[in-house]
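In the working numbering, the protein residues as written are 9 to 316.
Contents: one structure, followed by commentary.
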Ligand SMILES: [Fe+2]
Ligand SMILES: [Fe+2]
């Protein structure tokens, strides 16, 4: 025997079931979701991972990640001593697998067409010695790394010089004179590139006016990803098409900005101090460009902070 009130409630329930079909199953789903969320919170707390339970770092074998430190355009002897010191401090702690130097390590003012005032008059031997010392300092700070050196247009000044002095050819081995042999650098001739897992390192042969414009030119000319020095600017250009994702980088410089006065009579060149850390995992790569501010220079990477 069902009362009138019972009939009324039964009618309401049927009506709600009509409006919200499956409503009675919702309760069954809430429990496992709650258990899952609780498990995520518990495991995250236990592993001190505040953000992700399935952190990819936990899945990737960290030993198969290769780290490259990329520097360029020191223009010895006109590199900025404090900035080089800061970069070497960072390099020692980073302990990269490869040190990639994109060239213009040696300015070679003795065979330059630029300003020849008395304070800039050097000999080729002095120029090479300054390059030797700079390469040695970089190699000693990255002693565990494989060293790759790409010749730039400033080192290539010597090849141009030799072209007019054939009698001197084979007399001077530049690899030896600037320390590449003594410190185990693999050298890449000017104009060639070093490719690693589809990422193309080169010195660069052109410099457009604004940061990123030269990177854009390289990317749209070749449709590959990579990095150049030479422009002394820090920039980036990305592009995507059916073939995939591409990015090209300009890696700034590490020279003293006073050099711009010698070259262009510009006291404040549109240059940037920059280095890059490139990480590879299989055929994947990830570029971390690190710009170093001109005033109060510092490097911050991961949880570490480096200053002069
Ligand atoms: Fe340069
Ligand atoms: Fe250059």
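From the three backbone atoms N, C-alpha and C, an ideal C-beta is built for every residue, glycine too.
### Continuous alpha helix (DSSP H) stretch holding residue 162: start and end
161-171
### Query
In three-state terms, what does DSSP make of residue 315?
strand
### Message
Using the Cβ count rule (16 or more neighbours within 10 Å means buried), how would you classify residue 132?
### Response
buried
### Query
Assuming residue 263 and residue 81 make a contact with CB atoms under 8 Å, what is their CB distance in whole Å?
6 Å
### Task
Hey, could you find the ends of the beta strand (DSSP E) residue 131 is sitting in?
Run containing residue 131: none; DSSP gives neither H nor E here.
#### Entry: Same chain, Cβ closer than 6 Å to residue 198, five either side skipped, listed in chain order
159, 164
### Query
If you draw a straight line from the C-alpha of residue 43 to the C-alpha of residue 49, how long is it?
10 Å
### Task
Mind checking which residues open and close the beta strand (DSSP E) that includes residue 106?
106-109
### Query
Helix, strand or coil: which one does DSSP assign to residue 272?
helix
### Task
Pick helix, strand or coil for residue 205, following the three-state DSSP scheme.
coil
### Message
Which residue marks the beginning of the beta strand (DSSP E) containing residue 156, and which one marks its end?
### Response
154-158
### Message
Would the region 262-282 count as touching the region 80-100 if we require 3 or more Cβ pairs under 8 Å?
### Response
yes
#### Entry: Whole-Å CB distance - residue 314 paired with residue 98, under 8 Å assumed
5 Å
### Query
Is residue 259 near ligand 2, in the sense that its beta carbon is under 7 Å from a heavy atom of that ligand?
no
### Task
Report yes if the C-beta of residue 252 is less than 7 Å from at least one heavy atom of ligand 2; otherwise report no.
no
### Query
Measuring from the CB of residue 112, is there a heavy atom of ligand 1 at a distance below 7 Å?
yes
### Query
How long is the line joining the alpha carbons of residue 301 and residue 141, rounded to whole angstroms?
25 Å
### Query
Taking the beta strand (DSSP E) that residue 76 falls in, what are its first and last residues?
73-79
### Query
Any heavy atom of ligand 2 closer than 7 Å to the Cβ of residue 160?
yes
### Query
Among 253, 305, 242, 311, which residue has its Cα nearest to the Cα of residue 78?
242
### Task
Output the residue ranges of the alpha helix (DSSP H) runs that lie fully inside the region 202-259 and measure 4 residues or longer, sorted by chain position.
221-230
### Query
Taking residue 257 as the reference, which of 221, 288, 248, 291 has the closest Cα?
221
### Task
Please list, in chain order, all residues of the same chain as residue 162 whose beta carbon is under 7 Å from its beta carbon, the five residues on each side excluded.
83, 112, 114, 115, 116
### Task
Look up residue 296 in the DSSP assignment and say whether it is helix, strand or coil.
strand
#### Entry: Classification of residue 291 by the beta-carbon crowding that lies within 10 angstroms, buried from 16 upward
exposed
### Query
How many Å lie between residue 259 and residue 183 at the Cα?
23 Å
### Message
Whole angstroms are fine: how far does the CA of residue 120 sit from the CA of residue 175?
### Response
20 Å
#### Entry: Rounded straight-line distance, which links the Cα of residue 235 to that of residue 217
17 Å
### the region 187-196 contacting the region 144-160, beta-carbon criterion three pairs below 8 Å
yes
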